[in-house]
Every structure is written in structure tokens, then in C-alpha cells.
Amino acid sequence: MSDRPVLVFDSGLGGLSVLRELRVRMPDRRYLYIVDDAGFPYGDWQEEALATRILDLFAGLLETHQPQLVVIACNTASTLVLSQLRERFAVPFVGTVPAIKPAAEQTRSRLVSVLATPGTVQRQYTRGLIESFAADCEVQLVGSVRLAAMAEAYLRGGALDEAAIHQEIAPAFVEKDGRRTDIVVLACTHYPFLTNAFRKVAPWPVDWLDPAEAIARQAGKLMTGAPSTLPEGFDLAVFTAGHPDYTTRRLIHGFGLHC
9 MSDRPVLVFD SGLGGLSVLR ELRVRMPDRR YLYIVDDAGF PYGDWQEEAL
59 ATRILDLFAG LLETHQPQLV VIACNTASTL VLSQLRERFA VPFVGTVPAI
109 KPAAEQTRSR LVSVLATPGT VQRQYTRGLI ESFAADCEVQ LVGSVRLAAM
159 AEAYLRGGAL DEAAIHQEIA PAFVEKDGRR TDIVVLACTH YPFLTNAFRK
209 VAPWPVDWLD PAEAIARQAG KLMTGAPSTL PEGFDLAVFT AGHPDYTTRR
259 LIHGFGLHC
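When you line the sequence shown up against the working numbering, it's residues 9 to 267, in that order.
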């Protein structure tokens, strides 16, 4: 039996969508949710500096918390440093990468869009997934500068600007030769929290592919230790910028976390 947690890491609150699915699949585990809000948004960073930051953070996090498993609930961090994390540290890592393979398997029109952050769109890792698994599809890469921050604000109780959301997602909808985009890959863990708004402003219905369930399924395969012996109670959230404000504390409390 073990009291070592599953560590879930994200730049902000988007990884809560993954934590939710992890709890469904592994309800008998304890979780530690790490928010790198001091570095948010990751899209503003140069790649080398961001990679150094994340690797340095994990050196301290793993020594302090000794997790059984780490879930990188962030496409940007995963596509940038997942291989380096696995090489450097012995703990198992589960990453979050654009769900291009299942999108290619499910699309009927062969027109697929990937809605992501600019960094994820530009990274060779993403283009490699397309070459490997979606070569027979036309894949539109859409890098949104604003959606992650909009999701953060919405989670904290802010209002949504539907016109702004429409502007961000509009390039994901492509019509060609009588065909239309039928699947949009949500390649940022913040975006599932905006799915209802996406559906409302979308020009036509599509399948919005959320990778959280697949991430949780992979984590379950790697989790071989016995369930936690700790008593029931709230799991822990740690914010790299220090103690969060009241609105954020109330939000994470609703996800069964305390800080």
C-alpha cells in the first residue's frame, strides 16, 4: 500500500479537465495538482527558456513529493519536454499530445482541424503526428493566442465573449469540394471547459475531440501500485506563484482540492 500521489501538472487550470477523468478511472488514488501559474501563459515563452523552466521545476517537485506517476496535462509542455523528462527522471510520465491519430480514424470528410496554442501548432512533434497518422487527411492547424486565457478567466467566474470565441475558432472550419471539417481536436487542456461555447458559435456541428479520457486510460495502465492508504479527504493543489486568490481557491475546492 502507498500514500504516494499521482502528480498532475499544467501551466494553469486547464489540467483540471484531465484530473476529472483520472478520478473517474482511478478513484482510489490521491492526487497532487501542480499549477505553474508563475509561468502562465506558456505561449509567451521562448522554447529553450520554457524547457529549462519545466525541467528545473520537476527536479524540485519530484524530490519533494515523490509521486508514483506524473501526468503532464499540458500539450505545450508535453510536446516540448516529455522526452527529456522521461530521460532525466525514473518516475513514469504520461503526456498530453494532440489527438490526431483518433481524429484521423474517426473523420468521414477527411478534413480535420487541430485547435491548439501557437507553440503546439508550430512544434515539429505535432507535424510528426500528422505525417505518421493523418497523411491521408487534410489537417488545419489553428493556433489560438487567446483561448487559454479566456478559459482561465471563465473558470474563475468571468463572462465569455462569444464574438471573440467565434473569431478564435473560425479558422478551424474548412469547406472544400463539398466536404466540411467534421472533427476538431482540442489540443489544449483548457479548451474542453469552453466546448459548450464552441458548439454555440460554430458554423456547423463537429465532433470536439477531448483527449482527457485517453490520458486517464493510459495512466491507469501504468499505475501498478496498490491504492492509497490515506483517509478520504481533499487532495492538494500547489501554485508556483504562491497562495491563489479567493475565487481560485473556491474553484479548486469544487474539484476536491485544497491549497
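By construction, the Cβ of each residue, glycine as well, lies at the ideal position given by its N, Cα and C atoms.
Just how far apart, CA to CA, sit M9 and P100? Here the model assigns M9 a pLDDT of 42, short of 50, so the residue's position is not dependable, and the following value carries that caveat. About 18 angstroms.
For the alpha helix (DSSP H) containing L202, name the first residue and the last one. Note, L202: premise wrong, no alpha helix (DSSP H); not H, not E.
If the criterion is Cβ atoms closer than 8 angstroms, does the pair L77 and M231 meet it? yes
Please classify E113: is it buried, with 16 or more other beta-carbons within 10 angstroms of its beta-carbon, or exposed? With fewer than 16 other Cβ atoms within 10 Å, it is exposed.
Apply the 10 Å Cβ neighbour rule to D11 and answer buried if 16 or more other Cβ atoms are within range, or exposed otherwise. exposed
Between the CA atoms of Q175 and A142 - distance to the nearest angstrom: 26 angstroms
Beta carbon of T84, beta carbon of G20: below 8 angstroms? no
Helix, strand or coil at Q148 [DSSP, three-state]: Here Q148 carries a strand assignment [DSSP, helix/strand/coil].
Check whether the region 59–77 and the region 196–204 touch, using three or more Cβ-Cβ pairs below 8 angstroms as the test. no
Span of the beta strand (DSSP E), counted from its first residue to its last, around F17: 14–18
Leaving out five residues before and five after T248 in sequence, what residues of the same chain have Cβ atoms less than 8 angstroms from its Cβ? I42, V43, D44, D45, A46, G47, L65
Thinking C-beta only, is L123 closer than 8 angstroms to A180? yes
Is it buried or exposed for P213, if we count other Cβ within 10 angstroms and need 16 for buried? exposed
How is the alpha helix (DSSP H) around L30 delimited, first residue to last? 24–33
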